[in-house]
Every structure is written in C-alpha cells, then in structure tokens.
Amino acid sequence: MTNPKRLFFVAGEHSGDLHGSLIISHLKRFDPTLRIEGIGGPLMQSVGCENLHCIDELAVIGFIEVLKNFRRLYDIFNDVRRHLEETRPDLLILIDYPGFNVRLAEAAKAMGIRVLYYICPQVWAWHASRVNKITRVINEAVVVFAFEEAIWKQAGATVSWHGHPLIDIVKASTDRQTFRAELSLGDGPVVSLLPGSREQEIHYILPLLLDTAALILKDRPSSRFLLPLAGTIDDGLIQPHLRNRSLPLQILRGRTYDAVASSDLALVASGTATLETAILGTPLIVVYQTNLFTSVLSKFLVQSPHIGLPNVVAGRQVVPEFIRWNFTPANVAREALSLLANPDRLQKMRAELGDVRRTLGQPGAGERVAEHIFRGLQKQGGPT
Numbered sequence: 003m004t005n006p007k008r009l010f011f012v013a014g015e016h017s018g019d020l021h022g023s024l025i026i027s028h029l030k031r032f033d034p035t036l037r038i039e040g041i042g043g044p045l046m047q048s049v050g051c052e053n054l055h056c057i058d059e060l061a062v063i064g065f066i067e068v069l070k071n072f073r074r075l076y077d078i079f080n081d082v083r084r085h086l087e088e089t090r091p092d093l094l095i096l097i098d099y100p101g102f103n104v105r106l107a108e109a110a111k112a113m114g115i116r117v118l119y120y121i122c123p124q125v126w127a128w129h130a131s132r133v134n135k136i137t138r139v140i141n142e143a144v145v146v147f148a149f150e151e152a153i154w155k156q157a158g159a160t161v162s163w164h165g166h167p168l169i170d171i172v173k174a175s176t177d178r179q180t181f182r183a184e185l186s187l188g189d190g191p192v193v194s195l196l197p198g199s200r201e202q203e204i205h206y207i208l209p210l211l212l213d214t215a216a217l218i219l220k221d222r223p224s225s226r227f228l229l230p231l232a233g234t235i236d237d238g239l240i241q242p243h244l245r246n247r248s249l250p251l252q253i254l255r256g257r258t259y260d261a262v263a264s265s266d267l268a269l270v271a272s273g274t275a276t277l278e279t280a281i282l283g284t285p286l287i288v289v290y291q292t293n294l295f296t297s298v299l300s301k302f303l304v305q306s307p308h309i310g311l312p313n314v315v316a317g318r319q320v321v322p323e324f325i326r327w328n329f330t331p332a333n334v335a336r337e338a339l340s341l342l343a344n345p346d347r348l349q350k351m352r353a354e355l356g357d358v359r360r361t362l363g364q365p366g367a368g369e370r371v372a373e374h375i376f377r378g379l380q381k382q383g384g385p386t
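Take the sequence shown: its letter number 187 is residue 189 in my numbering, and every next letter is one higher.
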C-alpha cells in the first residue's frame, strides 16, 4: 500500500483561509486519505487541515508593521521551513500573502519540493519584474483573474485560470426589502461602511469613514449607516471610535453580504471586499489609508493606475477611488452625496459592476481548482 499524499497549504490572511478551505474540502472528497497540513485559520482546520501555525500570527500589513513583527515572522518562517524539510510534502500550495510566501517558495524549490501558487501576487500592481522572479521559484501558477493568465505566460510560467472562487460565496441570504424592514432602516439612503478586517485598518480607516458618515448625515438627515464587522475584529477595537458620536449606525456581525446587498452605497477599504461588493452589484467608493511611511513608499512602488479590484478587472475606472492623502471625509462625502443624488449614475455603476462580475467566470471555481490539483497529484510529483 502506498503512503498517502501530503500537501502543505499556506494562507496568511482570513480571505486565504476561506479559499484554502474550499479547495481542501473538495480534495478531501476526492481522496479522504490525503494528509493536509499548513498555516491556516478555523475554516481550513474545520475541513481537515492540521495547522502548524494560525493565520492570526501572520496578520500584519504595511512596511513599518512588518519590521515591528520581523522576529516573530522570521521564527514562523524557519519553523515552516524545518517542517517542510522533515516531511517533504508532495506539493506546497501558497495562497496570496506574497511577502512571506515568495520567500517560502524559494526555500521549498531549493529542497526540490513542488510549489503551486494560488491567487498569485498582484504583479500587475507592483513592479512588473516581480513576475519573472516568482516564476523561477514556483512550478505552477493558478490565477483568479482571466487577464492575469497572459501576464504569467509571458514570463514563462505554467499557468491556468479556472474562474474566481468568490462567485460561489458572495450571496445575500435575504432580499433587500425584508432586510431593511428587519433593521427598521426606513426609506432614506442606506450606506454600508467597510473599514477592513485587520486591526491596523480599523485604526487608520474607520475614524475617517465615521467622519464621512457624519457629513453625509448632515446633508441627508434620513440616511442610515451599517457597520458590518469581520469576525477578526472585536468590540474593543470598535467602541473607542464610536464614543461621542450620534450616528444612526447599526453594527452587524455575520451579515456582511446582506448589509451590502441592501445598501444604496458602500464605502469600502481596498481589498477583497471591493470585489465582493461588486459581485453583489452595490455601488461603492474605494478608500484606503495606512501609516504615512507606507503611504509615501507605495506611491512610488505601485504601478497600476487603479487600486480597487473592480477597476482593475474592468481595466478602467468604474468606481471612484480615494487613497492615501486623497482619502478625506470631505472628499468621500462629496462623492457619496453626488452619487446618492443621481439615480442614473448609480444605475450606470450597477450595470458596469455586472460586467465586472461576468468576467470572473462561472460558478464552481474552487472545485475546478481542486480537481486540477488532484489530477496533478495522480501524476508523478504533482501538477505539471
């Protein structure tokens, strides 16, 4: 009897935990004997991944924050590297999180371990030469946007696209009218505030969104605001920012998609949430802010003309963006009020977001990626 195949997954963020769990659940269905270990969160663990470390140990963003946490990240990296050397998995599957994962790919490739990168680094946003470096240290790339396939092929990578996994995930559980009635939101504009899923994002982005909401309320007193929170954010992080404010705001947990789908407009921190909002078809404004050093440095490093994923996918500006020093309450409130006062503009944005959604492919991407990985494992050495 042959030994079971071993896989090692690395997801550095909660979105990666979600995507990793979808693939693992399908892989376990194809072959229950698979030995799956990695760095993940509760979702990956719930479907059979034995977590060597938890994603919360890796949850840092920004250059300054990485430097502050360098020793901890370095120790985790060395621990994973030792584990890979001892166990020699048949395949290392990296999910996003490039700062850590690209270096781990280098180490694994030097050991002769095959590497598949899923949800590849956004080489179209950062320095384009990075794709050549990454291609040299991985065996295969699996991308989630159709336009990425040509970028990786041009660099000589073995690459495939199977659609975007969020298509299967992002769905409201109730209709707009029922949800609004349940929360007694009234007939005025409903605006969702999505500041991000990390502690640092709450610190830098939430106060500005709350100030923006106050300006919107001043002009449109019938407005109501929703604050859907990620499971990673506890009340202790939120409450200090809500003191001495009299906004008609409701905090929601576990109902982000319902809240966004029922809103007239969403103010969304750049990241996966912007694409989720686009899939739901809700007009949005993309915002982002971090510490001053990271903001200045990113100004010179980021090459893409757009930061919001709906705009990146569309190849043009579909939704407004306010980042770095342009992200001020006055700027965002002015744009939000302009949108809310112009139904034709809102409808045009909804239609364009529908086009973005259609470019993401058909449902079933997670299962197709798992099938692709499983077929590769049936060949000697894994995917080719």
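Just so it is clear, CB atoms sit at the ideal spot from N, CA and C, and this is done for glycine as well. The structure displayed is predicted, hence computed values, not measured ones.
- Contact between residue 333 and residue 323 does not hold, since the beta-carbon distance rounds to 11 Å and is not under 8 Å.
- Taking 9 Å as the cut-off, the beta carbon of residue 199 is found closer than this to the beta carbon of residue 234.
- Cβ-Cβ distances below 7 Å link residue 158 to 137 in the same chain, with the five nearest sequence neighbours on each side left out; the list follows chain order.
- Short of 7 Å from the beta carbon of residue 337, and not among the five residues preceding or following it, lie these beta carbons of its own chain, in chain order: 287, 322.
- Beta-bridge annotation (DSSP): residue 32 is not paired with any residue.
- Annotation note: the region 213 to 278 contains the following uninterrupted beta strand (DSSP E) runs of length 3 or greater, listed N- to C-terminal: 226 to 231, 251 to 255, 267 to 271.
- For residue 181, the uninterrupted alpha helix (DSSP H) run begins and ends at 178 to 184, by DSSP.
- The DSSP-derived three-state label of residue 53 is strand.
- In this structure residue 260 is buried. Its beta-carbon is surrounded by 16 or more other beta-carbon atoms within 10 angstroms.
- Taking the C-beta atoms as reference points, residue 372 is found no nearer than 9 Å to residue 38.
- The residues 23, 26, 27, 30, in chain order, have a CB closer than 8 Å to that of residue 49 in the same chain once the five nearest residues on each side in sequence are set aside.
- Going by beta carbons, residue 97 and residue 188 fall outside the 9 Å limit.
- Closest in alpha carbon position to residue 330, among 140, 211, 224, 262, is 211.
- By the Cβ-count criterion, residue 291 is buried, with 16 or more other Cβ atoms from all chains shown falling within 10 Å of its own Cβ.
- Nearest to residue 258 by alpha-carbon distance, out of 205, 47, 197, is 197.
- Sequence-distant Cβ neighbours of residue 10 in its own chain, meaning closer than 6 Å and more than five residues away, are 39, 40, 91, 94.
- Counting C-beta atoms within 10 angstroms of its own C-beta, residue 203 has 16 or more neighbours from the protein chains shown and is therefore classed as buried.
- Taking 9 Å as the cut-off, the beta carbon of residue 43 is found no closer than this to the beta carbon of residue 367.
- The C-beta distance from residue 263 to residue 276 rounds to 15 Å, too long to meet the 8 Å contact threshold.
- The Cβ-Cβ distance between residue 181 and residue 163 does not fall below 9 Å.
- For residue 143, the enclosing beta strand (DSSP E) covers residues 142 to 145.
- Sequence-distant Cβ neighbours of residue 208 in its own chain, meaning closer than 6 Å and more than five residues away, are 197, 243.
- In the structure shown, the three-state DSSP call for residue 13 is strand.
- Taking 9 Å as the cut-off, the Cβ atoms of residue 267 and residue 191 count as close.
- Nearest to residue 374 by C-alpha distance, out of 143, 340, 269, 56, is 143.
- Around the CB of residue 19, 16 or more other CB atoms lie within 10 Å, so the residue is classed as buried.
- The beta-bridge partner set that DSSP reports for residue 76 is empty.
- In this structure, residue 340 keeps its C-beta atom at 9 Å or more from the C-beta atom of residue 269.
- Here residue 27 carries a helix assignment [DSSP, helix/strand/coil].
- Taking 9 Å as the cut-off, the Cβ atoms of residue 254 and residue 201 do not count as close.
- Taking all protein chains in view, the Cβ of residue 206 is crowded by 16 or more other Cβ atoms within 10 Å, so the residue is classified as buried.
- The distance from the Cβ of residue 80 to that of residue 117 is about 18 Å, inconsistent with a contact at the 8 Å cut-off.
- Bridge partners of residue 340 according to DSSP: none are assigned.
- Going by DSSP, residue 369 is part of the alpha helix (DSSP H) stretching over 367 to 380.
- If you draw a straight line from the Cα of residue 223 to the Cα of residue 107, it comes to about 53 Å.
- Excluding the 5 residues flanking it on each side, residue 342 has same chain C-beta neighbours closer than 7 Å at 191, 222, 266, 267, in chain order.
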